[in-house]
Structure formats: C-alpha cells, structure tokens
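Below is one structure, written out as structure tokens; comments come after it.
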Amino acid sequence: MKAVAADTRKRIRPMVAVLALSLAGMTACSAQPNDASASQAPFSPAASSEAAPSTQAESTPSTEASPSTKTSAPASETAAAADEAKLSLTKEKPRGVIADTDFKDVKATEQSGKLIVADGGCLHLKDKGEPTLLLLPEQAEVLNRQRPGVELDGTTHYVGQPVTITGELAELTDAQEKAVQQCHPHGKVLQVQSMK
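The structure is reproduced here in structure tokens:
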C-alpha cells in the first residue's frame, strides 16, 4: 500500500507542476486583457510539461511570457502598419514623405508640437525631444509656395505653427528607410491620420 502511495505521489508532483505553470502562464497572458498579442504569448502547456522536472526551467517560461507580452507586442504592432506602406518623397523642399495609405487602421493617439522643416529639408513634428519625421497619408498635399506647409482634409497647416496630429509612432523597415534616406530618419516616425 505504501509503495502505491509513493508511486502515486511521484506521478502527481509533475502534474501539479504542469498545472501551476499553466495557471501562471494564463495569469501572465491575461494580465493585460486589452493586449491583442496575449494570445500569441510564447507559453504553451506542452513546453512546460517538458520543463516540469527542473525547478530552474519551471521559472523560465513564466518569466519570459510576462515581459514579452508587455514590451515586444506594441513594437510589433506599430511596425506592422509601417511595414505595409510604400513611401515616396516629394521633389521640392520642404519634402514630404507620402505613404500609399491613409493610416486609418493604426492605433492612433494625439501628438502635439510645431510643424517644422528639419533633417534633409523634410517635414517633422517638433515637441520636447528630437524632431519626429512625418509619414503623410496619400491624400496630403505638401505646399512649396511662399509659405510652406501641408494641406490635409481641406485644412492648411503651415510650417512654424503648432499642430496636433492624430497618428501612431512606427519604425521604418530597411527598404522604407532607404527610400527616404534624404530625410535622415532616425528613431520612430509618426504615421499621420489627421492634423488640426
């Protein structure tokens, strides 16, 4: 009888460890219910059952699941929108970077600052930090008259004036960066949906 009980305990311990890891993984994944990538977390019960015998391996999946859910998902989401857009530069200064999309599908927030001409004679948004290169939607028109600016949705926004831009920060792909190299892009760019 004692041999059966000991054998049963040996079988139950790994199953308890697997259940504990599964619950820890689900808790880490569900900690941010608004995060669209929570279903893509690298945790899987099959992987944890292989790791169950080692205590060090048990902690690895749960610690990896939580940070990757918090940090890498937003970066990949913002990059995805920029990855799809083909970019071109206007010929005259100020140069505008025009995308072949309207960026209506991005997760937009408002960014305020001053519309300026910066690196390479390209249009940027200047707030507290470094100027941010603007990716203008296909319906935008860059004005190269006496008073340079951008016309978007029937409204003209002049260089030097404060603007509030609705859009999303993104990173350029290598191909996009090469296409707009005259603007010396560095860091993230701002995909513009609208301006006011």
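Just so we're on the same page, the numbering used here is the position in the sequence shown counted from 1, plus 433.
Where is the CB? At the ideal position from N, CA and C, for every residue including glycine.
- Spatial neighbours of valine 622 in its own chain (CB-CB distance under 8 Å, excluding positions within 5 residues in sequence) are listed in chain order as Ala515, Val530, Thr565, Leu566, Leu567, Leu568, Leu602, Ala603, Glu604, Leu605.
- Ranked by Cα distance from lysine 526, the options Gln572, Glu563, Gly582, Gly546 are led by Gly582.
- Between threonine 597 and glutamine 626, the CB-CB gap reaches or exceeds 7 Å.
- Selection Gln544, His557, Lys561 evaluated against valine 575 yields His557 as nearest (Cα-Cα).
- The Cβ atoms of alanine 532 and leucine 520 lie closer than 7 Å to each other.
- Shortest Cα-Cα distance from cysteine 555 to any of Gln579, Lys537, Lys524 involves Lys524.
- Cβ atoms of valine 539 and glutamine 624 come within 8 Å of each other, at about 6 Å.
- Under the three-state reduction of DSSP output, glutamine 626 falls in the strand class.
- Under the three-state reduction of DSSP output, glutamate 610 falls in the helix class.
- Taking a 10 Å sphere around the C-beta of glutamine 579, we find fewer than 16 other C-beta atoms and assign the residue as exposed.
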